[in-house]
Amino acid sequence: MSALGPNATIGIIGGGQLGRMLAMAAARLGYRTVILEPEADCPAAQVANRHIAAAYDDPAALSELAELADVVTYEFENVPVEAVLGLAPRVGVWPPPLTLEVAQDRLSEKTFLNKAGISTAPYKTVDNDADLEAALAAFGGSGVLKTRRLGYDGKGQRMFRDAPREAVAGTFAEMGSVPLILEGLIDFECEISVVAARDAAGSIQAYDPAQNIHRDGILRRSTVPAGISQATAGKARAAAAALLDALGYVGVIGVEFFVLADGSVLANEIAPRVHNSGHWTEAACAVSQFEQHIRAIAGLPLGDPARHCDCVMENLIGDDVSGVERLAGEPGVVLHLYGKKDARPGRKMGHFTRISAKAR
Ligand code: AMP
Numbered sequence: 065m066s067a068l069g070p071n072a073t074i075g076i077i078g079g080g081q082l083g084r085m086l087a088m089a090a091a092r093l094g095y096r097t098v099i100l101e102p103e104a105d106c107p108a109a110q111v112a113n114r115h116i117a118a119a120y121d122d123p124a125a126l127s128e129l130a131e132l133a134d135v136v137t138y139e140f141e142n143v144p145v146e147a148v149l150g151l152a153p154r155v156g157v158w159p160p161p162l163t164l165e166v167a168q169d170r171l172s173e174k175t176f177l178n179k180a181g182i183s184t185a186p187y188k189t190v191d192n193d194a195d196l197e198a199a200l201a202a203f204g205g206s207g208v209l210k211t212r213r214l215g216y217d218g219k220g221q222r223m224f225r226d227a228p229r230e231a232v233a234g235t236f237a238e239m240g241s242v243p244l245i246l247e248g249l250i251d252f253e254c255e256i257s258v259v260a261a262r263d264a265a266g267s268i269q270a271y272d273p274a275q276n277i278h279r280d281g282i283l284r285r286s287t288v289p290a291g292i293s294q295a296t297a298g299k300a301r302a303a304a305a306a307l308l309d310a311l312g313y314v315g316v317i318g319v320e321f322f323v324l325a326d327g328s329v330l331a332n333e334i335a336p337r338v339h340n341s342g343h344w345t346e347a348a349c350a351v352s353q354f355e356q357h358i359r360a361i362a363g364l365p366l367g368d369p370a371r372h373c374d375c376v377m378e379n380l381i382g383d384d385v386s387g388v389e390r391l392a393g394e395p396g397v398v399l400h401l402y403g404k405k406d407a408r409p410g411r412k413m414g415h416f417t418r419i420s421a422k423a424r
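Going by my numbering, the sequence shown runs without a break in its numbering and finishes at 424.
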């Protein structure tokens, strides 16, 4: 894959904050961007060269995108697969569309991970209350029930702990009568993620694992370095690398893991895109995850993922954003706001990374 020349155009499907940060990184490398996103004045379009305001599966809009862009990528995993498959013969699309198929369904995600030799929580499919009862019995009465598709930020999930039989009745309907999966309840020490990149020639670079705290299913804080051993970090990196190879991946991926008491890791979720738990890289690394993704899809060499300082990244969610003036005045704080007007509850408005001298 020869590198895109100066002024080439990168198409981004999705106009949220991840698209915004990708567009900013693309601009730093001299590229132009065009965003496909139905929402007017979206965060990505505010910093891009062009905005096609249409549905992600609008045929005319996709044709326009293929016409304008030299390569296309996406910033969220629920892009309609057919839309991307339709684009692929006309313009390069990275990461490969196969990744979307794998990541959009928790069953195919787990099956793929296990086939690639990567351990996950045990799971069973659930398509009615009787399935749920049997699956819970198999997992000792506890588990996490999740919708197979369209779940994000903890939405579409229900936790069972030592659930009595009557707790099951009506659950399938309450979850929307859609295909579900029950995972065994994992007693984890902590949650970590690895953000890694692969280029078309197969080179892989991974950032240091981040330790993540979620609240209400939404990422609140990522701390780097994570409080894990080198051996555990190595296992997580190796799993991410094996996954990238198995997918024939090009671009940045985020892989979330549970860390168990014995130091082993179980993959929980993959995100075929830049990842919220990798935002710290813009403050602590010479090449951020956003630039790394643009490099990979543009055919440039991958950048150095070395970390130059310790850091803690926190999301600004909803009203948190009212504290930005204080944060902006604090030494060692790298602030990033997404240009969203309304601070609705649960809405990611921005993030900040507090950097400090590297201890290890
Ligand atoms: P997910 O949407 O799969 O990332 O799940 C959201 C959060 O729920 C995770 O970050 C965990 O904190 C928790 N969780 C999800 N699956 C499990 C599981 N199988 N066992 C224990 N906790 C889980």
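No residue lacks a Cβ here, since even glycine has one placed at the ideal position from N, Cα and C.
Check the Cα spacing between Gly342 and each of Ala392, Asp384, Leu132, Val288: the tightest is with Val288. Going by C-alpha positions, Val351 is about 24 Å away from Thr163. Distance from the Cα of Glu346 is smallest, within the candidate group Glu165, Glu320, Arg371, Leu324, for Arg371. With fewer than 16 other Cβ atoms inside 10 Å of its own Cβ, Leu214 counts as exposed. In this structure, Met223 has its CB closer than 8 Å to one or more heavy atoms of ligand 1. Counted as a single uninterrupted DSSP element, the stretch harbouring Ile250 is not any beta strand (DSSP E), since DSSP gives it neither H nor E.
At least one heavy atom of ligand 1 lies closer than 8 Å to the C-beta of Phe322. Under the criterion of beta carbons closer than 8 Å, Gly403 and Gln110 qualify as touching, at roughly 5 Å. With 16 or more other Cβ atoms from the protein chains shown falling within 10 Å of its own Cβ, Val316 counts as buried.
Its chain contains Arg284, Arg285, His415, Phe416 as the residues whose beta carbon lies nearer than 7 Å to that of Glu378, once the 5 sequence neighbours on both sides are disregarded; these appear in chain order. Each residue's CA atom was taken as its position, placing Gln353 and Val259 some 8 Å apart. DSSP places Asn142 outside both helix and strand once states are collapsed to three, so it counts as coil. Within the chosen limit of 8 Å, ligand 1 reaches the beta carbon of Leu249 through at least one heavy atom. For Gly318, the pairing in a beta bridge is given by DSSP as Val259, Ala335. Here Pro395 is exposed. Its C-beta has fewer than 16 other C-beta atoms within 10 Å.
With fewer than 16 other Cβ atoms from the protein chains shown falling within 10 Å of its own Cβ, Met223 counts as exposed. With fewer than 16 other Cβ atoms inside 10 Å of its own Cβ, Val242 counts as exposed. Looking only at Asp368, Ala199, Gly298, Lys405, the smallest Cα-Cα distance to Ser386 is reached by Lys405.
Distances taken from the Cβ of Phe252 to the heavy atoms of ligand 1 include one shorter than 8 Å. By the CB criterion at 9 Å, Arg170 and Thr137 fall outside the cutoff. Per DSSP, Arg390 is one residue of the alpha helix (DSSP H) stretching across 388-392. Distance from the CA atom of Gly266 to the CA atom of Leu100, rounded to whole angstroms, is 28 Å. Put simply, the backbone Cα of Ala303 is about 16 Å away from that of Ile292. Excluding the 5 residues flanking it on each side, Gly150 has same chain C-beta neighbours closer than 8 Å at Pro123, Leu126, in chain order. Rounded to the nearest angstrom, the gap between the Cα atoms of Phe236 and Asp193 is 6 Å. The beta-bridge partner set that DSSP reports for Asn276 consists of Glu255, Ser286. Membership of Gln221 in the beta strand (DSSP E) is indicated by the continuous run 221-224.
Gln275 counts as buried, since no fewer than 16 other beta carbons sit within 10 angstroms of its beta carbon. In the DSSP assignment, the residues bridged to Asn379 are His415.
For Asn276, the shortest C-beta to heavy atom distance toward ligand 1 is below 8 Å.
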